Structures are given as structure tokens and as C-alpha cells.
Amino acid sequence: MKETRTLEYKSEVTNSFLKTVSAFSNFGTGKILFGVADDGAILGINDPEQKCLDIENKINDSISPKPDYALSINRLNNVITLEVNEGRYKPYFYKGKAYRRSDTASVEVDQIELKRLTLEGNNLYFESLANDAKDITFDELEKSLIDKLGVTEVNDDTLRTLGLYTKEGRLNNAASLLADKNDFSGIDVARFGNSIDEILDRESFIHMSVITQYDKALAMYRRYYQYEQIKGADRVLIEKVPEKAFREAVANALVHRTWDINANIRISMYDDRIEIASPGGLPSGISEDEYLHGNISTLRNPVLGNIFFRLHYIEMFGTGIKRIVDAYKDCPIKPRFEIKDNSITVTLPVLSATMSVTSDENKLIELLNREMRYSSSEIAEKLNWSKDKTVRNLNNLMDAGYVIKYGTGRGTKYSKK
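The sequence shown: position 3 = 3 (the UniProt record's numbering), numbered continuously.
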């Protein structure tokens, strides 16, 4: 087994492991194995009991505050395992410096990362800090709350309920992000031709509400990746990239990005794909595997996330990646996710066989699922359709490969394929 971000080998006990103790305490649980060479060869440790005491003394004397760790000895090969848990009282310093993991190395954090660790250690978030902007207005937020939640009036009590005030009664950074005008970065969208040197269209949505950013990005997506086609008596909406996937990717980028740096979310539109790159890697304590499988229990911007959830821009917390993948479930090509220390990029490929369904057919698809089978009469009743209309739409969707038929005659049932 090779060294990883969460696994380090040491052939012997020297002070070099202490940087990694700081890194694991600051950014996520990991293990250090003593008595193992860099290539994974088992060497063992002489007098492992004494070496455990040495390790314990080095940690207690050198790391501040005291980290959460455990030591164990494998008696079969004399390998010592030091498991370091992510701490609650960040930052954790070694010789006055805090460290993080970069691939298989432990490196010193920069000033921005140190500030983030300090906020975490105090159970605070950047979005919850006071913002000094003056004359803030919330017209876009108010419009969204009225349209989607039926709120009749947006006042200070509403803003407090949404978490947009500090305990001291000042508007916070989350409030500024939702304000009609602000000083924050935003989204940069570019439509490319045959190469990145050929820019056909470009717009920057900055210094404005994140709600406006989201809406404008969606409008640009629809300009280039949706069109209508006449199919019989119906107008059919063609999606070259599933809108559901694009919505989720942009909402996730806005909710999970780091807002304490002056960098835009980049949306790059090509003939064969869309790339959405957001500043900031994974939140502390979240592994790549957890991210990709939707097991995200930690939000970098919980206030913003909660508001996007209330406004139905995102579904349940942590399910965005799964929903993006599900949008391509029946397609031969799949979305891709590239996770780096300081950015996350989602690539949404253009569908080789474009999705083409009428509004009625889409209602039928949304009704059906893979676990439940319905008869045509049950479908007609649920959708308040005539029998002929129901059968016609079922036949169209079966021909297109969206619906599967079970049984014959009066026992015929249908489900999503």
C-alpha cells in the first residue's frame, strides 16, 4: 500500500512526523505507521513500547493545543500505528506553525488557511462574520422569498430568521452575498469556439446577489444548450446538457465555494461539454470519497446553504453530486469531478443522444419510478388525463426508451426504465 493524503510511513521515530500530526489534527483524521519504509516494506521498530513513550512525549511537548490521538502496536511485526483524529480546537501548531496535507507531504498553511482554521476552532464561519457594507438592499432576495415561499413581507425579523445577522445585531457576510450589490466576486461565464483562444461570448456576474448570479448563469446555459423543436402538435424542449445537472452544479459551486478569496467561479461552455470550476477544495473533514458519494455532513457556508435549500435551488444537503450523476443515469457518457486542494471542477458532457420529451411526457416521467408499477388507468387518474392521451404518451416514451412495459392485457403495468 502506498502513502496517501491520510496515510504516512516512517521507518523510525524522528521529529519529522510532528508536522503530519499538526496536519491531521487541522484537516482530517489520518494514520502514521512507524517501522514501515516509504515503499511500504515492513521494517519493524526495536523496543516499540519505549518508542510509543517517545512518540507521546514528542507530541505532548511540541503540538499545541494537545491533539486527539491513539497509539497501538502490532505484535506480529512491531509496527506502531499512530492515529490522529481531526481536532475541535484548531489551529494545531508545531513550533508555531500550522500544517496541512498536500498529497503525501505535510506543508505549512498560508495566511488565509490559518484564518479559516481559527474560525473553525471558534465554531465560526466566514459567512457569519460581520460585514461593514452600507445601504444594503435585498430586492432579489425579497422577490424570491415571495415567489417561492409565499412570504408577504421581508423585514429585519425575516433576515434574522434566515441567519443574516450576527449576535451583536450587525448584518453578516451571508447577508452581503444575498444583497443586490456587494463587493464579492461571482461567476465568470465564457462560451468557446473551436479552441480556448476563440471566445464567442463572455459575461461576468460579479458584485451582485448570489441569487442573481445563479439566474443569469442559468439564462446563459439555456441560450446555448436548450432549444425547441416542433414534434407533431407539440413544441419539444431539447436539452443538450441536462438542466437539472447544470442547476445542481452551479448551486453547489455557490454554496460550497470559499468566499474569503477574490476569485470567480468559472463556467466554461464548449460544444461537447460545460465545465464549472469553483474556488476552494473540499471542506475540512470531508474526504473525496464522501464528497463523490453524497455523504457531506459539513457545509462551508451553512447559512447560504439553508437559504438555497428553502428557495429550492438545492434539494437535501449533500445530495447535489448524486443528483448530477442521476441526471446522466441512462446515458453512456457521465459527468466528471476533479478535486484539487484549492478548486473543484465539475464537467457536464453534452448528450450524444439529446433528451427530447414533451411537457406531458415529462409529467409522466416524473410520476413513474423504477420501484412502483402503474396501470394506464392508474396513471390517467393521477394525471387527470383521458385514456387515449395516457396511452399515446406511454407509447411515445416506450419508443424513446424511457418507460418499460410489464405484462399484457388487463394486467399491463408500466414503470420508468
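We put the beta carbon where it would ideally sit given N, CA and C, even for glycine. In this text, all values refer to a predicted model and were calculated from it rather than measured experimentally.
Cα-Cα separation between I32 and N301, rounded to whole angstroms
31 angstroms
Terminal residues of the continuous alpha helix (DSSP H) containing L304?
P302 to R310
Measure the beta-carbon distance from E140 to D188 and round it to whole angstroms, keeping in mind my assumption that it falls under 8 angstroms.
Their Cβ separation, rounded to whole angstroms, is 20 angstroms, which puts E140 and D188 out of contact at 8 angstroms.
Give the C-beta separation of E127 and N172 to the nearest angstrom, bearing in mind that I take them to be a contact with Cβ-Cβ under 8 angstroms.
6 angstroms
Using the three-state DSSP reduction, which class does N342 fall into: helix, strand or coil?
coil
Which residue wins for smallest C-alpha separation from I344, given the options H256, L364 and S376?
H256
Three-state secondary structure (DSSP) of R88
coil
The alpha helix (DSSP H) with S209 in it runs from where to where?
It is not in any alpha helix (DSSP H) - S209 carries neither H nor E in the DSSP assignment.
Taking only the alpha-carbon atoms, compute the straight-line gap between L129 and N342 and give it to the nearest angstrom.
22 angstroms
Residues in its own chain within less than 7 angstroms of L292 by CB, not counting five upstream and five downstream?
I321 and F337
Bounding residues of the alpha helix (DSSP H) (the contiguous stretch that carries residue 440):
Only positions 1 to 417 of the chain appear in the structure, and residue 440 is not among them; the question remains open.
What do you get for R170, buried or exposed, if any count of 16 or more other CB atoms within 10 angstroms of its CB means buried?
exposed
Tell me, which residues are paired with G30 by DSSP?
V84
Give me the Cα-Cα distance between Y224 and F34, rounded to the nearest whole angstrom.
56 angstroms
At least three beta-carbon pairs within less than 8 angstroms, the stretch 17 to 29 to the stretch 59 to 76:
yes
Rounded distance between the beta-carbons of L397 and E361, thought under 8 angstroms:
6 angstroms
Measure the Cβ-Cβ separation of V84 and F24 and say whether it is below 8 angstroms.
yes
With the cut-off set at 8 angstroms, would you say A190 and R202 are in Cβ contact?
yes
Taking the alpha-carbon of P65 as reference, which of S185, F93 and R273 has the nearest alpha-carbon?
F93
Does the count of Cβ pairs from the stretch 236 to 255 and the stretch 208 to 216 closer than 8 angstroms reach three?
yes
Spatial distance of Y328 from T319 (CA atoms):
15 angstroms
C-beta atoms of V346 and A217 nearer than 8 angstroms:
no
Alpha-carbon spacing of G186 relative to K416, whole angstroms:
39 angstroms
Is there a Cβ of chain B sitting closer than 8 angstroms to that of N26, yes or no?
No chain B is present in this structure, which holds just one protein chain.
Just to confirm before moving on: does the CB-CB distance between L124 and V241 stay below 8 angstroms?
no
Taking only three categories from DSSP, how would you classify D201?
strand
Quick one: is E113 buried, meaning 16 or more other Cβ sit within 10 Å of its Cβ, or exposed?
buried
Measuring CA to CA, which of I379, K389, D326 and V13 is closest to L43?
V13
Anticipated Cβ contact below 8 angstroms, F205 with S268, distance rounded
Going by Cβ atoms, the distance from F205 to S268 rounds to 15 angstroms, so no, they are not a contact pair.
Please give the ranges of any beta strand (DSSP E) in the stretch 98 to 185, keeping only runs that are unbroken, at least 3 residues long and fully inside the region.
105 to 108
What is the C-beta distance between F350 and D272, in whole angstroms, given that I count them as a contact (C-beta under 8 angstroms)?
Per the sequence shown, residue 350 should be read as Val rather than Phe. Correct: roughly 5 angstroms between the Cβ atoms.
Give me the DSSP bridge partner(s) of N60.
Answer by DSSP bridge pairing: none, since N60 is not bridged.
If I'm right that L368 touches Y374 with Cβ under 8 angstroms, what's the distance once you round it to whole angstroms?
7 angstroms
With distances taken between CB atoms, is the gap from I80 to I45 smaller than 8 angstroms?
yes
Assigned exposure category for P67 - 16 Cβ within 10 Å defines buried
buried
Provide the residue span of the alpha helix (DSSP H) that contains Y291, from first to last.
E288 to L292
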